[in-house]
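>
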Amino acid sequence: MSEPDSPQIRRSIEVEYWVVDDEGRLVEPGPLVAAAPGVEREFVEPILEIKTTPCESTPRLRAELFERIERVLSVADEHDMGLVPLATPIHADEIADLPSDRTRIQDEIIGSDFEYVRHCAGTHIHVEQIPGRAIDQLNTLVALDPALALVNSARRFRGQPLADGVRSKLYRWMAYDGLSHQGRLWRYIESRADWERRLQRRYEEFERAALEAGVDRRAFAASFDPESAVWTPVQLRAEFGTVEWRSPDTALPSSVVDLADTVARTVEHLQDAEVRIEGETGRVTDSQVVLPEFNHVLEYVNAAIRDGIADESLCAYLERMGFDVGAYDPISRQQGDRGMMTEARARERRLAYAERLEQDVTEAQSMRAD
1063 MSEPDSPQIR RSIEVEYWVV DDEGRLVEPG PLVAAAPGVE REFVEPILEI KTTPCESTPR
1123 LRAELFERIE RVLSVADEHD MGLVPLATPI HADEIADLPS DRTRIQDEII GSDFEYVRHC
1183 AGTHIHVEQI PGRAIDQLNT LVALDPALAL VNSARRFRGQ PLADGVRSKL YRWMAYDGLS
1243 HQGRLWRYIE SRADWERRLQ RRYEEFERAA LEAGVDRRAF AASFDPESAV WTPVQLRAEF
1303 GTVEWRSPDT ALPSSVVDLA DTVARTVEHL QDAEVRIEGE TGRVTDSQVV LPEFNHVLEY
1363 VNAAIRDGIA DESLCAYLER MGFDVGAYDP ISRQQGDRGM MTEARARERR LAYAERLEQD
1423 VTEAQSMRAD
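One point on numbering: in my numbering, the residue at position 199 of the sequence shown is 1261, and numbering is uninterrupted.
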């Protein structure tokens, strides 16, 4: 879509994986944290996060992400551990937090519903802000949010099937249900000042909820600021100079990179294209990016969560917005079994997809060698 001489914007990925032992049980990552740069703990015990640096092209992003995952897998093999690219652990009761004031405060504010968040592993895609076009970038990513369906990777929470994209359902419709404006997709914004006002209002609302829950004001201020107190799928990130899309599930690395590539190319296109908001269909052409009115975006988002790419109107929309839907095979669509899943069966499935992730990395190694 971009002109050949248009500068490429930098892009980066953060992806979370469940860590399991050789019997498929959830375990702490232990030695895996030191395996490569950009590898960190998440806020719950059995999740490992792998981050890339900002990369100027998708080939560089792909090479860096796979190289870091490969190094983690090498250490994991030495310790009979694996990485599982599923959005939830499929079947698990309580998952323990790592001790931190930030997590403790969220737990006190949100209460028992915070347990939903502990069962979620996802992917964050960052794209560099284009001077003068960051608002168009953010609004475009809002309109692209239904593309989360392309990498839906789990349908189950505690063994029970809930939705094609259960992680998004847990976040948006269950975990933050008691906090207005948190967790859900926000409407298009008009300016940076509009964004800053929204952040400040959400921060004040969250602070009031904290004080009502008995949280000390100074402890709250030490753990949160207006930017970090917000949970919404698309965000302007002043700290990194990016627009961040937080909706996709964790998935196989190749699928995640392909998704990031289309997102980055679409956002790059804003350097040359007019952006309009109108109607319900949406489209990306050589000269225009037409975003549907927000209520129609929400209809596509809801379809992406409930039914994923089984919804024909959603797939048609994503094609118009530049995605090759047929190139994706979401893990959630590969799991045809119904009814309640046992813990033993969930362990088997975790191990199967840990092996799939290793195969994905091995195939990428072979392609680089060729």
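Quick reminder that beta carbons are idealized off the backbone N, C-alpha and C, glycines included.
With respect to the beta strand (DSSP E) encompassing Arg1299, which residues constitute its N-terminal and C-terminal limits?
Taken as a continuous stretch (DSSP letters only), the beta strand (DSSP E) holding Arg1299 covers Val1296 to Arg1299.
> Starting from the C-beta of Arg1412, find all residues in its chain whose C-beta is less than 6 angstroms away, skip the five residues before and the five after it, and write them out in chain order.
Around Arg1412: Val1082, Gly1086 and Val1146.
> Could you pull the DSSP bridge partners for Met1143 from this structure?
For Met1143, which the question treats as bridged, DSSP gives the partners Asp1083.
> On the DSSP letters alone, give me the boundaries of the alpha helix (DSSP H) that His1358 sits inside.
Counting along the chain, the alpha helix (DSSP H) containing His1358 begins and ends at Phe1356 to Arg1368.
> Curious, which full-length beta strand (DSSP E) runs of at least 3 residues does the segment 1298-1339 contain?
As far as the segment 1298-1339 is concerned, its whole beta strand (DSSP E) runs of at least 3 residues are 1304-1307 and 1336-1339.
> For Glu1433, which of Ser1174, Ile1187, Val1352 and Ser1230 has the nearest alpha-carbon?
The first residue shown for the chain is 1063 and the last is 1432, placing residue 1433 beyond what the model contains.
> Taking C-alpha atoms, which residue in Glu1336, Ala1335 and Val1352 lies nearest to Thr1343?
Selected option, being the one with the closest Cα: Val1352.
> How many angstroms separate the CA atom of Ser1316 from the CA atom of Leu1135?
Between Ser1316 and Leu1135, the C-alpha separation is close to 16 angstroms.
> Roughly how many angstroms lie between the CA atoms of Ala1225 and Arg1400, to the nearest whole one?
Rounded to whole angstroms, Ala1225 to Arg1400 spans 12 angstroms at the Cα level.
> What residue range is occupied by the uninterrupted alpha helix (DSSP H) comprising Val1228?
Note, Val1228: alpha helix (DSSP H), Val1228 to Lys1231.
> In chain order, what residues of the same chain lie with their CB nearer than 7 angstroms to the CB of Gln1070, ignoring the 5 residues before and after it?
For Gln1070, where only same-chain residues beyond five positions count, the Cβ hits under 7 angstroms are Glu1118, Ser1119 and Glu1330.
> Is it right to say Arg1280 is buried, meaning 16 or more other beta carbons lie within 10 angstroms of its own, or is it exposed?
That one is exposed.
> Using 10 angstroms around the beta-carbon of Ala1096, count the other beta-carbons present and answer buried if the total reaches 16, otherwise exposed.
Under this definition Ala1096 is an exposed residue.
> Taking Cβ to Cβ, would you say Pro1208 is nearer than 9 angstroms to Val1363?
Contact flag set, yes.
> Using only the alpha-carbon positions, how far apart do Thr1202 and Ala1098 sit?
Distance between the alpha carbons of Thr1202 and Ala1098 is about 33 angstroms.
> Taking only three categories from DSSP, how would you classify Asp1422?
Here Asp1422 sits in helix by DSSP.
> Reducing DSSP to helix, strand and coil, say where Phe1286 ends up.
Here Phe1286 sits in coil by DSSP.
> Smallest Cα separation from Arg1260: which of Ser1290, Arg1234 and Asp1163?
Checking every option, the nearest Cα to that of Arg1260 belongs to Ser1290.
> Is the segment 1155-1169 in contact with the segment 1411-1425, if contact means three or more CB pairs nearer than 8 angstroms?
These segments do not touch.
> How would you label Glu1065, buried or exposed, when you count the other beta carbons within 10 angstroms and need 16 or more for buried?
Low confidence applies to Glu1065: its pLDDT is 40, below 50, so where it sits in the model is not reliable, and the reading given next is rough at best. That one is exposed.
> Classify Thr1304: buried if its beta carbon has 16 or more other beta carbons within 10 angstroms, exposed otherwise.
The residue in question, Thr1304, is buried, as its Cβ has 16 or more Cβ neighbours within 10 Å.
> Can you tell me whether Arg1270 is buried or exposed? The criterion is at least 16 other CB atoms within 10 Å of its CB, across all chains shown.
With fewer than 16 Cβ atoms within 10 Å of its Cβ, Arg1270 is classed as exposed.
> What is the C-beta distance between Val1101 and Ala1149, in whole angstroms, given that I count them as a contact (C-beta under 8 angstroms)?
In fact, because the Cβ distance is near 20 angstroms, the residues do not count as touching under 8 angstroms.
> Give a yes or no on whether the C-beta atoms belonging to Glu1126 and Val1277 are separated by under 9 angstroms.
Contact: no.
> If you follow the beta strand (DSSP E) that Glu1104 is part of, which residue opens it and which one closes it?
Unbroken run through Glu1104: none, as it is neither H nor E.
> Pick out the complete alpha helix (DSSP H) segments inside the segment 1206-1254, 4 residues or longer, and give them in chain order.
Counting whole runs of 4 or more residues, the segment 1206-1254 contains the alpha helix (DSSP H) stretches 1228-1231.
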